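2 protein chains.
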Amino acid sequence: MDFYTLSDKGIEGEIGRRIKALRLRKNITQKELAEATTVSLNTIKSLESGSGKLSTVIAVLRELGALDQIDNFIPEPSISPLQLARMQGRQRERASGGRRKHRAEDDAEW
Amino acid sequence: MDFYTLSDKGIEGEIGRRIKALRLRKNITQKELAEATTVSLNTIKSLESGSGKLSTVIAVLRELGALDQIDNFIPEPSISPLQLARMQGRQRERASGGRRKHRAEDDAEW
DNA sequence: ATATAATAGATTAAAAAAGGCCCATTAACA
DNA sequence: TGTTAATGGGCCTTTTTTAATCTATTATAT
Numbered sequence: 000m001d002f003y004t005l006s007d008k009g010i011e012g013e014i015g016r017r018i019k020a021l022r023l024r025k026n027i028t029q030k031e032l033a034e035a036t037t038v039s040l041n042t043i044k045s046l047e048s049g050s051g052k053l054s055t056v057i058a059v060l061r062e063l064g065a066l067d068q069i070d071n072f073i074p075e076p077s078i079s080p081l082q083l084a085r086m087q088g089r090q091r092e093r094a095s096g097g098r099r100k101h102r103a104e105d106d107a108e109w
Numbered sequence: 000m001d002f003y004t005l006s007d008k009g010i011e012g013e014i015g016r017r018i019k020a021l022r023l024r025k026n027i028t029q030k031e032l033a034e035a036t037t038v039s040l041n042t043i044k045s046l047e048s049g050s051g052k053l054s055t056v057i058a059v060l061r062e063l064g065a066l067d068q069i070d071n072f073i074p075e076p077s078i079s080p081l082q083l084a085r086m087q088g089r090q091r092e093r094a095s096g097g098r099r100k101h102r103a104e105d106d107a108e109w
């Protein structure tokens, strides 16, 4: 599935559908899920239709036993040897290049 | 990394840190990211500290070129042959068992 | 070493989500 | 087939997020 072909709204909807599918696979009702996560039934409904807070997603995924997926979601970005060399081993804390007239094309170089 | 050992707040923080790391890896400032996603600078700050809406996460991940990760995040749940048989091929649309006195232990059977 | 851009934090108002409640529809049970 | 629990949608109030702006700190380029 290529999410880049979808609009933001489209992606939200797809995520909602998948969460619902996860819940149904465990045969849990929205009400049960709401009670288990201590969020309201309304919030579960909204989430399954695509809108909600990040914290809600996390609470629900925990209850559905799908928390480990988050690791793939936003993986710990690894540092390229090239960058590591350029920065003498230190981690960059701020984006930079601001004082340049024309910012160099972002080097996505690896 | 085992997210189940973290609290919800802890996970939110970790996600924020990873998004920030993704941004820094591309050497983009918060301001630039805000303009590119048409969300405010404030919202980017908040997101990187762990709070925000699902829609904000999506917009930011799109801009950072990490949208494809969502597929792993909440994978399309596959149906087990067992369940498929029980339901005569139809997809379940509602959780059930509600009319039972004591709900059977959720069969996570595959 | 200095200058400055990047970032964190705080405040106020507007927008959206969350929470609680009610009503209508219908999938799934018996 | 009849019953009813599960779900969706609306409405209202409370809480949280977003947005805009300002101040303070400090990493980074020169």
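Sequences listed follow chains V and Z, in order. Using numbering that gives the first Met the number 0, you'd call the opening residue of the first sequence number 0 and step up by one each time. Using numbering that gives the first Met the number 0, you'd call the opening residue of the second sequence number 0 and step up by one each time. Ideal placement from N, C-alpha and C gives every residue a C-beta, glycine not left out. Nothing here was measured: the structure is a model prediction, and the numbers come from that model.
Chain-ordered listing is empty here: chain V has no CB closer than 7 Å to the CB of Thr37 of chain Z, the nearest sitting near 11 Å.
Counting only unbroken stretches of 4 or more residues, the alpha helix (DSSP H) elements lying wholly within the segment 36-70 of chain Z are 40-47 and 53-62, in sequence order. Look at Thr42 of chain Z: its C-beta is not under 9 Å from any C-beta on chain V. Listed along the chain, the chain Z residues whose CB falls inside 8 Å of the CB of Pro74 of chain V are Arg17 and Gln68. In the DSSP assignment, Lys8 of chain Z falls within the alpha helix (DSSP H) that extends over Asp7 to Arg24.
Counting C-beta pairs closer than 8 Å gives three or more between the segment 41-51 of chain V and the segment 50-60 of chain Z, which meets the contact rule. Here the alpha carbons of Glu62 of chain V and Ser45 of chain V stand approximately 17 Å from one another. In this structure, the alpha-carbon of Asp1 of chain Z lies about 18 Å from that of Ser77 of chain V. Residue contact with chain V for Arg24 of chain Z: present (Cβ-Cβ distance below 9 Å to some residue of chain V).
Under the Cβ criterion of 9 Å, Glu11 of chain Z is counted among the residues facing chain V.
In the structure shown, Gln90 of chain V adopts coil according to DSSP, grouped into three states.
With 16 or more other Cβ atoms inside 10 Å of its own Cβ, Thr42 of chain Z counts as buried. Chain-order list of chain V residues neighbouring Val56 of chain Z: Leu53, by C-beta distance under 7 Å.
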